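*Asks:*
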Amino acid sequence: MKAFDPDAAASKGSGIFGLNTSREDAKIVLVPVPFAATVSYGGGAENGPEAILAASHQVDLYDWHFGRIYEAGIHLLPADPAILAAHGPAREAVVAVSEGGDPAAIEANVCTVDAAGALVNASLRQTIAPLLDEDRIVGVIGGDHSIPFAAIAAAAEQQPLGILHIDAHADLRIAYEGFEWSHASIMHNVLEQCPGVQRLVQVGVRDYSEGELQTIHRHDGRVVTHFDADWNARRFSGVPFDYLVAEVIGVLPDHVWISFDIDGLDPSLCPNTGTPVPGGFSFAEVAHLLARLAASGRRIVGFDLVEVAPGEDEWDANVASRLLYKLCGAALRSRSSQEFLGTR
Ligand SMILES: [Mn+2]
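Using the working numbering, the first residue of the sequence shown is number 437, and each one after it goes up by one.
1. Tell me whether Thr-651 counts as near ligand 1, meaning its Cβ is closer than 7 Å to at least one heavy atom of that ligand.
2. Going by other Cβ atoms of all chains shown within 10 Å of its Cβ, with 16 needed for buried, is Leu-777 buried or exposed?
3. Report, in whole angstroms, the separation of the C-beta atoms of Asp-697 and Gly-716, which I expect to be a contact under 8 Å.
4. Check for me: the beta strand (DSSP E) holding Gly-598 runs from which residue to which?
5. Does the distance from the CB of Phe-615 to the CB of Val-681 come in under 8 Å?
6. List the whole-angstrom C-beta distance separating His-501 from Ala-727, where the pair is believed to meet the contact cut-off of C-beta under 8 Å.
7. If contacts are defined as beta-carbon pairs under 8 Å, then Gly-579 and Ala-508 qualify, I think. What distance do you get, rounded to the angstrom?
8. Assign Arg-780 to buried or exposed, taking buried as 16 or more other Cβ atoms, counted over all protein chains shown, within 10 Å of its Cβ.
9. Out of curiosity, what's the CA-to-CA distance linking Phe-440 and Leu-455?
10. Report, in whole angstroms, the separation of the C-beta atoms of Gly-598 and His-691, which I expect to be a contact under 8 Å.
11. Under DSSP, the beta strand (DSSP E) around His-691 begins and ends at which residues?
12. Anyone know if the C-beta pair for Ala-745 and Gly-479 falls short of 8 Å?
13. Does the segment 562-570 come within contact of the segment 537-554, defined as at least 3 CB pairs closer than 8 Å?
14. Return the chain-ordered list of same chain residues with a C-beta closer than 8 Å to the C-beta of Thr-457, the five sequence neighbours on each side being excluded.
15. Start and end of the alpha helix (DSSP H) containing Ile-583?
16. Pick out whichever of Gly-686, Arg-572, Leu-555 and Leu-741 has its Cα sitting closest to the Cα of Lys-762.
17. Under 7 Å: does the beta carbon of Thr-711 sit that close to some heavy atom of ligand 1?
18. Along the chain, where does the alpha helix (DSSP H) that runs through Gln-629 open and close?
19. When the distance is taken between beta carbons, is Ala-590 closer than 8 Å to Gln-629?
20. Near Leu-725, which residues of its chain fall below 6 Å by C-beta distance, leaving aside the five closest residues on each side in sequence?
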């Protein structure tokens, strides 16, 4: 067998980032969840994992921030066929509900959607729990933002957890549009059902309801939301970005899950995502945020990357695959510094 050359072009049919590392040999295991039934505006996030895999083959493997990430081994699992099968009928049920009509039929369709969400949660739980037990870094690739719930829940049962939530939206709605496992309700569900989540720190938020604002205040410090407009106002008056980043990281506990909705970025970087909002981060800004978090002494136990909806060209997936590589790098770096310091 030929030795792996990180500088060569990815070979046809190779794994994520052109690597061929097995699950057993990979420090980082990625779980695709091609499910996006409850999207409320633009569709297509169910195709995110496949598009990211294809785009990952053109990512150069030496990273300015995190070095030779590939050496740790990155493996992308196959998607659960049960999830693939559940997406279509659940999506049709969501569309039927949005069209209104007979209350009994609506209720039946809501049940179909909620059952599909429960299936996604059960499947992901079964996949993630052993990976966390084996102390691997886990990354969940959506799909819409409903999908990482079970992974966050499993991680929060292992140890007290903080969530760094990068998103244009607060995602604190209660059963948005009537669906328990809505993409817009993920952090509400996490706060209500995961007592191990000590703190939710949100950045990039610029589209939210007054009800969500009240939820943030009601949680009295358990939820810390950094609004995009507030950051802009402070930056315009001379506060360095690095200072704002330090404020975010400073309130996170020792163990961190990163929940990354691609729409936290400026929509020029993700024009086809389901609910784009003007404003948001540049790629360089989030790369800096991840690098600072990785160097802070906190341990990144895992992450999700959601709402990547490929368009007619490969741009959205190109950005997402590079972001995914940075997330892998940040998680690895966060551990190597701890292992080096002997704190584990
Ligand atoms: Mn969002």
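By construction, the Cβ of each residue, glycine as well, lies at the ideal position given by its N, Cα and C atoms.
Predicted model only: the values in this text are computed from it and were never measured.
*Replies:* Inspection of the coordinates gives the following:
1. no
2. Summary for Leu-777: the model assigns pLDDT 43, below 50, so the residue's position carries little reliability; its value from the coordinates is reported in the next sentence. Exposed, because fewer than 16 other Cβ atoms sit within 10 Å of the Cβ of Leu-777.
3. 10 Å between Cβ atoms; not a contact.
4. 597-602
5. no
6. 5 Å
7. Actually they do not touch by this definition, with Cβ atoms about 24 Å apart.
8. Residue placement at Arg-780 is poorly supported in this model, since its pLDDT is 32, which falls under 50; the coordinates still yield a value, given next. Arg-780 comes out exposed.
9. 8 Å
10. 7 Å
11. 691-697
12. yes
13. no
14. Gly-451, Gly-509, Ile-510 and His-511
15. From DSSP, Ile-583 is part of no alpha helix (DSSP H); its letter is neither H nor E.
16. Leu-741
17. yes
18. 622-629
19. no
20. Val-681
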